[in-house]
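Residue numbers (the numbering used here): 82 to 596.
Don't be surprised by glycine CBs; every beta carbon is placed ideally from N, CA and C.
Quick caveat, the model's predicted, so the values are computed rather than measured.
Heads up, the thing below is written out as structure tokens.
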Amino acid sequence: MALSQKLATAWFPLLLVGTGVGYVLGCLDVVNVEIDDVFITLRYGRNLLAGDGAVFNPGEAVEGYSNPTWLVLVTAVAAVTGLTGHVAMLYLAKVMSMVFGMATLVVVYQLATVHGNRRPAIALLLAVIAVSPFLNVYNSSGMETALVTFLLTLTVLLYSRWRGDQRLEHAIGFAVTLGVLSISRPEAVIYPIAIYAGIIVLGMRGAGDRLRYTCLTAVIVSAIIAAFIAFRLFYYGDLFPNPLYAKNNPGLTTLRAGVRYVALFAAMAVAPYALLALAKRAPLLVRAQLPIYLVIVAQAAFATYAGGDWMPAFRLMLPVVPILLFVVIDRVDVGAIAHRRVFTTVLLLVFVVGCSWLVQREDIKRYKPFVSGWHLDFRPYNRDYADIARNLGRLAAPQQTVLVGEAGVIPYLNDQLRFTDLYGLTDTHLAKDVRGRHFARIDNDYWLSRHYDYVVAVSARGKHPPEAGGVYDTGFVAMDALLNDPRFATQYVPVYHEARGVIFARVGAEDRPAG
Numbered sequence: 082m083a084l085s086q087k088l089a090t091a092w093f094p095l096l097l098v099g100t101g102v103g104y105v106l107g108c109l110d111v112v113n114v115e116i117d118d119v120f121i122t123l124r125y126g127r128n129l130l131a132g133d134g135a136v137f138n139p140g141e142a143v144e145g146y147s148n149p150t151w152l153v154l155v156t157a158v159a160a161v162t163g164l165t166g167h168v169a170m171l172y173l174a175k176v177m178s179m180v181f182g183m184a185t186l187v188v189v190y191q192l193a194t195v196h197g198n199r200r201p202a203i204a205l206l207l208a209v210i211a212v213s214p215f216l217n218v219y220n221s222s223g224m225e226t227a228l229v230t231f232l233l234t235l236t237v238l239l240y241s242r243w244r245g246d247q248r249l250e251h252a253i254g255f256a257v258t259l260g261v262l263s264i265s266r267p268e269a270v271i272y273p274i275a276i277y278a279g280i281i282v283l284g285m286r287g288a289g290d291r292l293r294y295t296c297l298t299a300v301i302v303s304a305i306i307a308a309f310i311a312f313r314l315f316y317y318g319d320l321f322p323n324p325l326y327a328k329n330n331p332g333l334t335t336l337r338a339g340v341r342y343v344a345l346f347a348a349m350a351v352a353p354y355a356l357l358a359l360a361k362r363a364p365l366l367v368r369a370q371l372p373i374y375l376v377i378v379a380q381a382a383f384a385t386y387a388g389g390d391w392m393p394a395f396r397l398m399l400p401v402v403p404i405l406l407f408v409v410i411d412r413v414d415v416g417a418i419a420h421r422r423v424f425t426t427v428l429l430l431v432f433v434v435g436c437s438w439l440v441q442r443e444d445i446k447r448y449k450p451f452v453s454g455w456h457l458d459f460r461p462y463n464r465d466y467a468d469i470a471r472n473l474g475r476l477a478a479p480q481q482t483v484l485v486g487e488a489g490v491i492p493y494l495n496d497q498l499r500f501t502d503l504y505g506l507t508d509t510h511l512a513k514d515v516r517g518r519h520f521a522r523i524d525n526d527y528w529l530s531r532h533y534d535y536v537v538a539v540s541a542r543g544k545h546p547p548e549a550g551g552v553y554d555t556g557f558v559a560m561d562a563l564l565n566d567p568r569f570a571t572q573y574v575p576v577y578h579e580a581r582g583v584i585f586a587r588v589g590a591e592d593r594p595a596g
């Protein structure tokens with residue numbers, strides 16, 4: 082039996098099992114990569130469970146998260162399962178991320194099947210997605226990226242089925258999924274815009290390209306978005322979440338950084354597989370897939386506009402990775418290639434996938450050094466941040482106020498304290514009224530006038546607190562500007578030093594009752 086026939090019959094179930102095992106091992110490898118933003122969502126979730134509402138600090142209605150669907154989902158599952166402790170809720174979110182990552186593989190399998198792919202091509206596509214370290218960082222992070230990726234891939238599958246059979250149930254399923262997707266991230270509104278632009282353009286070409294129920298689906302999507310906007314205006318009093326203001330800084334420098342970001346992503350995550358497109362059994366571009374192409378372009382345009390992202394693994398491009406790889410590998414005739422040069426083809430594919438895996442993994446380690454979970458050595462928190470969090474809880478009294486650089490694990494582990502982050506995710510003044518790049522918006526007059534009981538500074542890797550009387554160089558512009566302001570030293574004194582962090586107390590704060 083030829084290799085192509087074996088791939089299509091006897092070996093295919095084994096390949097699927099191997100893909101599943103590879104996915105689990107891939108997630109386990111990067112499970113300890115720290116993504117501090119997950120703790121923002123989890124603090125909101127714990128406050129919601131405590132009856133204080135979706136707030137970072139009780140009584141302060143500021144939307145400092147950017148993933149409402151994920152917040153509600155994780156909080157609901159935590160409430161049902163009782164996994165509401167700090168560590169338990171974190172690993173619940175991580176497991177849920179892994180489940181959605183696996184669900185994405187199932188959807189990709191269905192998508193490739195609907196488009197007439199043969200089993201060897203399907204096996205290759207699933208393997209490439211399953212072992213991608215970029216995807217698996219977020220499939221095991223506890224963040225919303227895996228959910229958004231799943232919803233987008235499912236939207237594309239339902240669009241393909243709707244276009245194929247024009248059935249009402251597929252149209253409604255598409256609309257509901259797209260509507261939920263559209264409110265799951267601030268930038269997710271680009272998805273319905275791109276998809277409907279493609280549908281309209283195709284419809285203008287002739288009656289054969291028009292979709293039944295298009296207006297109905299648009300009404301459903303619009304209704305879901307409108308209902309969520311109404312909730313946001315009622316609950317938070319704003320049209321957009323606070324992080325969108327805090328991170329928005331358009332300009333030429335930002336665009337240049339964004340172009341570089343997208344180009345590096347394409348080189349690491351897509352380019353290794355680009356030559357496979359030459360072996361397609363169909364044209365390189367398929368007219369009916371125009372909405373898919375526009376979604377990919379829209380995602381790249383957004384990442385460029387945003388100037389990229391400080392998080393590892395090209396987070397802003399990840400939601401389109403499964404459909405982008407699908408577009409590249411769709412209807413590639415792997416069997417025909419293997420039939421000509423079996424050993425060479427298999428060796429080449431293993432080499433390409435392996436090199437892509439290695440490049441992606443090393444890029445992640447460059448940003449975020451981590452200990453592989455293959456040794457079953459699980460580390461829920463960065464040790465430096467956890468040490469600062471623990472000692473802050475020891476020093477501060479309940480309800481005292483803290484200014485912290487990053488609204489992540491330190492606030493998460495101190496439920497009874499009230500936090501503001503220096504970068505504006507939870508502070509509307511800094512997000513809306515102070516101009517500048519994210520992490521570099523400076524308003525020392527504002528911060529010093531707030532009289533926080535404590536200020537917490539954690540330096541970037543490779544940075545350390547200075548010797549007595551030295552200049553602070555934490556690696557964060559806004560934090561350095563505050564710590565080196567002469568007024569700061571007259572109001573705050575260091576009360577705890579750690580390898581990378583310092584806790585400052587306002588003069589007399591240790592002796593004052595909370596309030």
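Same chain only: Cβ atoms within 6 Å of residue i, ignoring 5 sequence neighbours per side
i      : result
Pro594 : In this prediction, Pro594 has a pLDDT of 47, which is less than 50 and means its spatial position is unreliable; what the coordinates show is noted afterwards. Closer than 6 Å at the Cβ level, and outside the excluded window around Pro594, lies no residue.
Ala184 : Phe231
Ala256 : Thr298, Ile301 and Val302
Val583 : Ala538, Pro546 and Pro575
Asp508 : Thr501
Gly103 : Ala211 and Val212
Phe585 : Val536, Tyr573 and Pro575
Ala193 : Ile203 and Leu206
Pro353 : Val433 and Ser437
Tyr240 : Phe255
Tyr577 : Asn472 and Ile584
Val525 : Sequence inspection shows Asn at residue 525; the Val mentioned does not correspond to that position. Around Asn525: Leu563 and Asp566.
For residue i, the first and last residue of its enclosing alpha helix (DSSP H)
i      : result
Asp117 : First-last for Asp117: undefined, no H or E at that position.
Ala381 : Leu371 to Ala387
Gly284 : Ile271 to Met285
His167 : His167 to Val195
Tyr34  : What is shown of the chain runs 82 to 596, which leaves residue 34 out entirely.
Gly101 : Phe93 to Asp110
Val452 : That residue, Val452, is in no alpha helix (DSSP H); it is neither H nor E in DSSP.
Thr162 : Pro149 to Thr162
His578 : Run containing His578: none in the alpha helix (DSSP H); it sits in the beta strand (DSSP E), Tyr573 to His578.
Ile306 : Thr295 to Tyr317
Gly254 : Leu249 to Ser263
Ala202 : Arg200 to Ala211
Arg337 : Leu333 to Phe346
Thr230 : Thr226 to Asp246
Phe215 : Pro214 to Asn220
Selection from the options that minimises the alpha carbon distance to residue i
i      : options                           : result
Leu544 : Phe231, Asp554 and Gln370         : In the sequence under discussion, the amino acid at residue 544 is Lys, which differs from the Leu named in the question. Residue Asp554 is the option with its Cα nearest to Lys544.
Pro214 : Ala467, Asp502, Arg442 and Glu268 : Arg442
Lys361 : Leu186, Ala538 and Arg199         : Arg199
Leu563 : Arg542, Val153, Arg447 and Tyr533 : Tyr533
Asp238 : Tyr577, Trp391, Ala369 and Asn495 : Per the sequence shown, residue 238 should be read as Leu rather than Asp. Of Tyr577, Trp391, Ala369 and Asn495, the residue nearest in Cα terms is Ala369.
Val558 : Pro546, Pro575, Arg518 and Ala580 : Arg518
Lys513 : Pro324, Ser530, Asp444 and Val105 : Pro324
Tyr386 : Val340, Ala358 and Val367         : Val340
Thr482 : Pro139, Ser265 and Arg286         : Pro139
Gly197 : Arg286, Asp414 and Pro372         : Asp414
Val112 : Val187, Arg127 and Asn220         : Asn220
Ser265 : Asp561, Pro400 and Phe459         : Pro400
Glu579 : Asn148, Asn463 and Arg531         : Asn463
Cut-off 8 Å between Cβ atoms - residues of its own chain near residue i, not counting five sequence neighbours on either side
i      : result
Val189 : Leu206, Leu207, Ile210, Thr234, Pro403 and Phe407
Thr236 : Phe255, Thr258, Leu259, Leu262, Tyr272 and Ile276
Gly596 : In this prediction, Gly596 has a pLDDT of 43, which is less than 50 and means its spatial position is unreliable; what the coordinates show is noted afterwards. For Gly596, where only same-chain residues beyond five positions count, the Cβ hits under 8 Å are Gln480.
Leu457 : none
Val168 : Pro461
Asp390 : Tyr342, Ala384, Arg396 and Leu397
Where the beta strand (DSSP E) through residue i begins and ends
i      : result
His510 : Looking at the DSSP string, His510 is not in any beta strand (DSSP E); the run it does join, the alpha helix (DSSP H), is Thr509 to Asp514.
Arg499 : Arg499 to Asp502
Tyr462 : Segment: none, Tyr462 is in no beta strand (DSSP E) and carries neither H nor E.
Tyr535 : Tyr535 to Val539
Nonlocal neighbours in the same chain, by C-beta distance under 7 Å from residue i, ignoring five residues either side
i      : result
Met82  : With a pLDDT of 47 at Met82, under the threshold of 50, the modelled position of that residue is not reliable, and no figure is offered here.
Pro94  : none
Ile116 : Ser222, Met224 and Met392
Trp438 : Val212 and Pro214
Val409 : Val351, Tyr354, Ala355, Leu357 and Ala358
Residue i beta carbon near the ligand COA (any heavy atom closer than 7 Å)
i      : result
Arg199 : Ligands displayed in this structure: none; no statement on the ligand COA is therefore possible.
Worksheet item: Counting pairs of beta carbons, one from the segment 96–110 and one from the segment 208–219, are three or more of them closer than 8 Å?
Response: Inter-segment contact for the segment 96–110 and the segment 208–219 is present: three or more beta-carbon pairs are separated by less than 8 Å.
Worksheet item: Below 8 Å, can you find three or more Cβ-Cβ pairs linking the segment 224–233 to the segment 177–186?
Response: Result yes; three or more Cβ-Cβ pairs closer than 8 Å.
Worksheet item: Is there contact here, the segment 469–483 with the segment 242–259, by at least three beta-carbon pairs under 8 Å?
Response: Counting Cβ pairs under 8 Å, fewer than three are found: no touch.
Worksheet item: Any chance the segment 483–497 sits against the segment 307–316, with 3 or more Cβ pairs inside 8 Å?
Response: They do not touch, by the three-pair rule.
Fill in: Any 3 or more C-beta pairs closer than 8 Å across the segment 109–127 and the segment 146–159
Taking 8 Å as the limit for Cβ pairs, the verdict is that the segment 146–159 does touch the segment 109–127.
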